[in-house]
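K.L.:
Attaching a single structure in structure tokens format; questions to follow.
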Amino acid sequence: MTATTALQAEKVTPRHRVRRISDKTIQTAFILPTMVLLILWNIFPLFYSLYLSFTEYSVISGAPPRWVGFENYRNVLSDPLIWKYFALTGRFALLSVGLQTIIGFAMAMIVRAKFRGSGFITTLILIPMMLSPVVVGKFWAMIYNPTFGPLNYLLGMPPPRGPDWLANPEFALWSVVLVDVWMWSPFVMLLCLSGLKAIPEYLYEAAAIDRASAWFQFWRITLPQVAPLLMIAILFRTIEAFKQFDVVMGLTGGGPGDATELIAVKLYRIAFLGRFDTGIASAFAYIVLIIIIAISNLYIRYLNRLRGEA
Amino acid sequence: MSKKLHLLVVFALLIGLVGAFAQPATAQQPVKELTILWAEWDPAVYLAELMKDYEKEAGVKVTVKQEPWGSFLDVVSKEWAAKGTAFDLVVGDSQWLGQAATQGHYVELTDFLKETGLADSVTAATLTYYAEYPTGSGRYWAFPTEGDANGWAYRKDLFEDPDEKAAFKEKYGYELDVPKTWAQLMDIAKFFTRPEENLYGVAIYTQKDYDAITMGVQNVMFSYGADWKDANNNVLGVVNSPEAIAAVEFYRELWTCCAPPGSSNIFFPEVNNYFISGQIAMGMNYFAFFPALANPATNPYADVTGYFAMPAGPTGLRFAALGGQGMSINAYLPPERIEAAKELIKWFGREDVQMKWALLGGYTCNKKVLASPEFLEVAPYNAAFAETMEMVKDFWNVPVYADLLEVAQRELHAYIVGGEGDAKTCMDKIAQEHDKILRAAGLIKEPAKSE
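Residue numbers (the numbering used here), protein chains in the order written: chain G, 1 to 310; chain H, 311 to 761.
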């Protein structure tokens, strides 16, 4: 081999190496870090907590997990208090999501019409959902305060006549619902608004030519066209309602007694706050997950049916 | 050939990396810094100030790391779970003792405290509640650091007003003064409850989240002769004794009649806020939060604020719910850091250091310092504090304390704030659930007896 040929060979070698890295390899190299992170932060905890849900284990005890089979699930499902809190959460979700749907849709119908300052008003309406839920909870606790809070004044019941909303077991859940509705109706409005704006104008024109009433147009055009997006909003809000924690802790701490003890709050008490019953908390979390998946499936099936019809 | 060479280079690099990150096998270095973890509040600031002296004396820099109260337990627990060494010492709550001792998070300090004489330097009650587990075993896991308990602040301007005094005497037949009994406290609270003037008799703990309402109720319960357990840990017939039921009824009446509307989920900051805003005549709080009331910059009534210890129950018994913390050593430290931490505690327990700790604003547990005139006079609430520390009592500190606490919080809050059911039903429920939890944890050995 002459010196020139050797030099040429050296020059060629790196290019050959570069060529050897295929598109597939580059693709893998880019995806790999994300996959590793996903596995470490999402997939592994998911399966590890599934394993822990079958063990007697406290994360701070220093003792290794002890396999107990379905005992944790039995304990959770046979606890009458847990069922009480599930029922309470269901009631909260029904009230809260129901009101959010009605109010959110109504607000979308209002701001859909272009009028002077409608953009500004839409932005103002969206502010609550941009706030931190804990701040919202603390803020509303002050609004509800019967001594200095403005709510009782606005209702014409200045102190000492006004009720203590958060101390009364009858009113406490409604108080939390009201705050959740105030905070998240704008989210429903936003989704509905995008649905409303996507409805072709010719549908209304055709209906008008056929002399269809406003109610008929709403019932036969507006609602069916917005329904898929409305269902997505309801799905998201229902999932969130089952996970509601921050606002409750900021407002009532689950009280009075356990009048607002939603399942997420109860789960927090089992998993942390000195108890650290990690095994039971994991089983409880999986039960909640299964319920949320079941409800979501029902929604999605209904949504697909709606789409099919559309 | 070149491939082999590359492999060798990679291997050599790996060896180098491992070597760089491996612990050097050199002799133990002297410890030059230590970290104490505590909650974010004034006493932690005083402790940080005091530790500057230790740096001067021993050449060891001590950092007092503060965590907000809301996340303090979470931070400590995470460190326990990870067997971490982010802190060398922790000034932990008395209720954590059982969990920390049985699960091996704290270094046992029994021999150390006895040999150094530190065990004898503090009051018996603080040694029992801040350091000992199991109670009565003589095994210690902490050095009593910040003594604390519930007491009362009151508006002297209202209590000493001649018109108020005359009106009170006419209505109740005795002089308006600092209440000696809970019954008198109720009278005074009712007397000063004037919603039309936005003035209320008391602010008392009602918060449900962690332990507030239970701590508040305990003050009355213990003074009424009730308790959470008997000598054998039995709870049935104890937690729901007639005395306990009467105490809980009293607490509900006090809150219903005389606390500001809206105080349905309050703890120490809110009590102080009600006092500072002039809305209450008397406020129940931990002594550790009274410095804010004695400070004219934060309390416009500072000059007319007085303090008193818990009043007596119907039979003359007097008790106060214990707060406060002991300083413990993290069990996951290497031996040289454990020794350095012990040296720090030894220094901190010295009488002259304890006196400085007290003068800075810390609540010493040192017997001699507590009785000294300097301590009693340095702050307006210290006399009431010294009196209180002779009559403190605490909730459970066993490993399942959090389970017991959750039940007490839920049921007490439901009855006192929510008005659900009656006091007997409330205490019956607590007794039954406590019995179940304690039996499952093996803390009650005796077979269940019918009540």
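Ideal placement from N, C-alpha and C gives every residue a C-beta, glycine not left out.
1. Using the Cα positions of M592(H) and G511(H), report the straight-line distance between them to the nearest angstrom.
2. Within a Cβ cutoff of 7 angstroms, which residues of the same chain sit near S96(G), ignoring the five residues on either side of it in sequence?
3. Roughly how many angstroms lie between the CA atoms of S194(G) and Y302(G), to the nearest whole one?
4. What does a CB cutoff of less than 8 angstroms around A3(G) pick up in its chain, not counting 5 residues either side in sequence?
5. What distance in whole Å lies between the Cβ atoms of G636(H) and A441(H), which are believed to be in contact at a cut-off of 8 angstroms?
6. Which first and last residues belong to the alpha helix (DSSP H) in which I590(H) is found?
7. Suppose the cutoff is 6 angstroms on Cβ atoms and the five residues either side in sequence are ignored; what does the same chain contact list for I762(H) look like?
8. Run the CB neighbour count on P81(G), radius 10 Å, all protein chains shown included, and call it buried at 16 or more, exposed below.
9. Helix, strand or coil: which one does DSSP assign to G402(H)?
10. In terms of residue numbering, what span does the alpha helix (DSSP H) encompassing F86(G) cover?
11. Between the Cα of E661(H) and the Cα atoms of K678(H), A694(H), W351(H) and D458(H), which residue gives the shortest distance?
12. By Cβ distance below 7 angstroms, which residues in the same chain neighbour E721(H) in space, the five residues on each side in sequence not counted?
13. Skipping 5 residues on each side, what residues in its chain have a beta carbon closer than 8 angstroms to that of G137(G)?
14. Would a C-beta distance cut-off of 8 angstroms place N575(H) and T524(H) closer than the cut-off?
15. Considering only residues of the same chain and omitting the five flanking positions on each side of L486(H), which have a CB-CB separation below 8 angstroms?
16. Would G634(H) be called buried (16 or more neighbouring beta carbons within 10 Å of its own) or exposed?
17. Answer with yes or no whether the minimum CB distance from H744(H) to chain G is below 8 angstroms.
18. Quick one: grab the DSSP three-state call for G250(G).
19. To the nearest whole angstrom, what separates the beta carbons of N692(H) and M594(H), a pair I think is in contact under 8 angstroms?
20. Rounded C-beta distance between F744(H) and V432(H)? I'm assuming under 8 angstroms.
21. Report yes or no: do the region 449–460 of chain H and the region 416–434 of chain H share at least 3 C-beta pairs separated by less than 8 angstroms?
22. Compare the C-alpha of L262(G) against each of F276(G), G279(G), A285(G) and G274(G) and name the closest.
23. Using alpha carbons as the reference points, say which of G98(G), V288(G) and L306(G) lies closest to E226(G).
24. Would you call F218(G) buried or exposed, if buried means 16 or more other Cβ atoms sit within 10 Å of its Cβ?
25. Using a Cβ cut-off of 8 angstroms (strictly closer), state whether A259(G) contacts chain H.
26. Any C-beta of chain H sitting closer than 8 angstroms to the C-beta of N72(G)?
27. Please determine, among S53(G), R161(G) and Q100(G), the residue with the shortest C-alpha to C-alpha distance to A271(G).
28. Which word fits P472(H), buried or exposed, when buried means at least 16 other C-beta atoms lie within 10 angstroms of its C-beta?
29. To the nearest angstrom, how far is it from the Cα of A612(H) to the Cα of V581(H)?
30. Counting along the chain, where does the alpha helix (DSSP H) carrying Y642(H) start and finish?
31. What are the start and end residues of the beta strand (DSSP E) that includes T373(H)?
32. Pull up the CB-CB distance for D704(H) and S381(H), whole angstroms please, since I reckon it's below 8 angstroms.
33. Consider the Cβ of I60(G): report whether some Cβ of chain H lies at a distance smaller than 8 angstroms.
34. Residues in its own chain within less than 6 angstroms of A536(H) by CB, not counting five upstream and five downstream?
35. Helix, strand or coil for Y464(H)? Go by DSSP, reduced to three states.
36. Suppose you measure from the CA of K114(G) to the CA of G98(G); what does that come to, to the nearest Å?
P.N.:
So, to answer that:
1. Within the second sequence, residue 592(H) is the residue found at index 282, counting from 1. Within the second sequence, residue 511(H) is the residue found at index 201, counting from 1. Taking the straight line joining both Cα atoms gives about 6 angstroms.
2. Position 96 of the first sequence holds residue 96(G). Result list for S96(G): V177, D180, V181 and A241, in chain order.
3. Position 194 of the first sequence, counted from the first residue, corresponds to residue 194(G). Position 302 of the first sequence, counted from the first residue, corresponds to residue 302(G). Looking at the two C-alpha atoms, the distance is approximately 20 angstroms.
4. Walking along the first sequence from the start, residue 3(G) turns up at place 3. For A3(G), the predicted structure reports a pLDDT of 47, less than 50, and the residue's modelled location is therefore unreliable. The matter cannot be settled from this model.
5. Position 131 of the second sequence holds residue 441(H). Position 326 of the second sequence holds residue 636(H). Indeed they touch by this definition, with Cβ atoms about 5 angstroms apart.
6. On the second sequence, position 280 is the one that residue 590(H) refers to. Element bounds for I590(H): not the alpha helix (DSSP H) but the beta strand (DSSP E), I590 to Y596.
7. Within the shown structure, residues of chain H are numbered from 311 to 761, placing residue 762(H) beyond reach of any answer.
8. Along the first sequence, read from residue 1 onward, the residue named residue 81(G) stands at position 81. Inspection of the sequence shows that residue 81(G) is occupied by Leu rather than by Pro. Result: exposed.
9. Counting from 1 along the second sequence, the entry for residue 402(H) is found at position 92. Residue state, collapsed to three classes: strand.
10. Position 86 of the first sequence, counting from 1, holds the residue named residue 86(G). Element bounds for F86(G): P80 to R112.
11. What you label residue 661(H) is simply residue 351 of the second sequence in a count that begins at 1. Considering only alpha carbons, the answer is K678(H).
12. For the purposes of this step, residue 721(H) is identified with residue 411 of the second sequence, where counting begins at 1. C736, K739 and I740, listed in sequence order.
13. Position 137 of the first sequence, counted from the start, is the residue given in the question as residue 137(G). Cβ within range, chain order: V179, D246, V247, V248, M249, G250 and L251.
14. As a working note, residue 575(H) is residue 265 in the second sequence. As a working note, residue 524(H) is residue 214 in the second sequence. No, Cβ-Cβ distance for N575(H) and T524(H) is not below 8 angstroms.
15. Within the second sequence, residue 486(H) is the residue found at index 176, counting from 1. So the qualifying residues of the chain are F469, E474, K475, F478, K479, I498 and F501.
16. Locating residue 634(H) in the second sequence gives position 324, where the first residue counts as 1. By the 10 Å Cβ count, G634(H) comes out buried.
17. Locating residue 744(H) in the second sequence gives position 434, where the first residue counts as 1. H744(H) does not count as touching chain G.
18. As a position in the first sequence, residue 250(G) is number 250, starting the count at 1. Of the three classes helix, strand and coil, the one that applies to G250(G) here is helix, per DSSP.
19. The count along the second sequence starts at 1 and reaches residue 692(H) at position 382. The count along the second sequence starts at 1 and reaches residue 594(H) at position 284. Actually they are not in contact, since the Cβ atoms of N692(H) and M594(H) sit about 18 angstroms apart, beyond 8 angstroms.
20. Counting from one through the second sequence, the residue named residue 744(H) turns up at place 434. Counting from one through the second sequence, the residue named residue 432(H) turns up at place 122. Before going on, a small fix: residue 744(H) reads as His here, not Phe. About 30 angstroms; that fails the 8 angstroms criterion.
21. yes
22. Position 262 of the first sequence, counting from 1, holds the residue named residue 262(G). Checking every option, the nearest Cα to that of L262(G) belongs to A285(G).
23. One-based indexing of the first sequence puts residue 226(G) at position 226. Looking at the sequence provided, one finds Val at residue 226(G) rather than Glu. It is L306(G).
24. As a first step, residue 218(G) is located in the first sequence; it is residue number 218 there, counting from the start. Exposed, by the Cβ-count rule.
25. Your numbering for residue 259(G) matches position 259 in the first sequence. Yes, contact with chain H.
26. In the first sequence, counting from the first residue as 1, residue 72(G) sits at position 72. With 8 angstroms as the cut-off, N72(G) does not count as an interface residue toward chain H.
27. Numbered from 1 along the first sequence, position 271 holds the residue referred to as residue 271(G). The option with the nearest alpha carbon to A271(G) is S53(G).
28. Start at 1 with the first residue of the second sequence, and residue 472(H) comes out as number 162. Exposed: under 16 other Cβ atoms inside 10 Å.
29. On the second sequence, residue 612(H) is found 302 positions in, with the first residue counted as 1. On the second sequence, residue 581(H) is found 271 positions in, with the first residue counted as 1. Cα-Cα distance, rounded: 15 angstroms.
30. Within the second sequence, numbered from 1, the residue matching residue 642(H) stands at position 332. That residue, Y642(H), is in no alpha helix (DSSP H); it is neither H nor E in DSSP.
31. Mapped onto the second sequence, residue 373(H) falls at position 63. Run containing T373(H): K371 to E377, per the beta strand (DSSP E) assignment.
32. Within the second sequence, residue 704(H) is the residue found at index 394, counting from 1. Within the second sequence, residue 381(H) is the residue found at index 71, counting from 1. Not confirmed; about 23 angstroms, so no contact.
33. Stepping through the first sequence from its first residue, residue 60(G) is reached at position 60. Cβ-Cβ to chain H under 8 angstroms: yes for I60(G).
34. For the purposes of this step, residue 536(H) is taken as the residue at position 226 of the second sequence. The residues are S551, E553, A554 and A557.
35. Here residue 464(H) refers to the residue found at position 154 when the second sequence is read from its first residue. It is a strand residue.
36. Mapped onto the first sequence, residue 114(G) falls at position 114. Mapped onto the first sequence, residue 98(G) falls at position 98. Spanning the two alpha carbons is a distance of roughly 27 angstroms.
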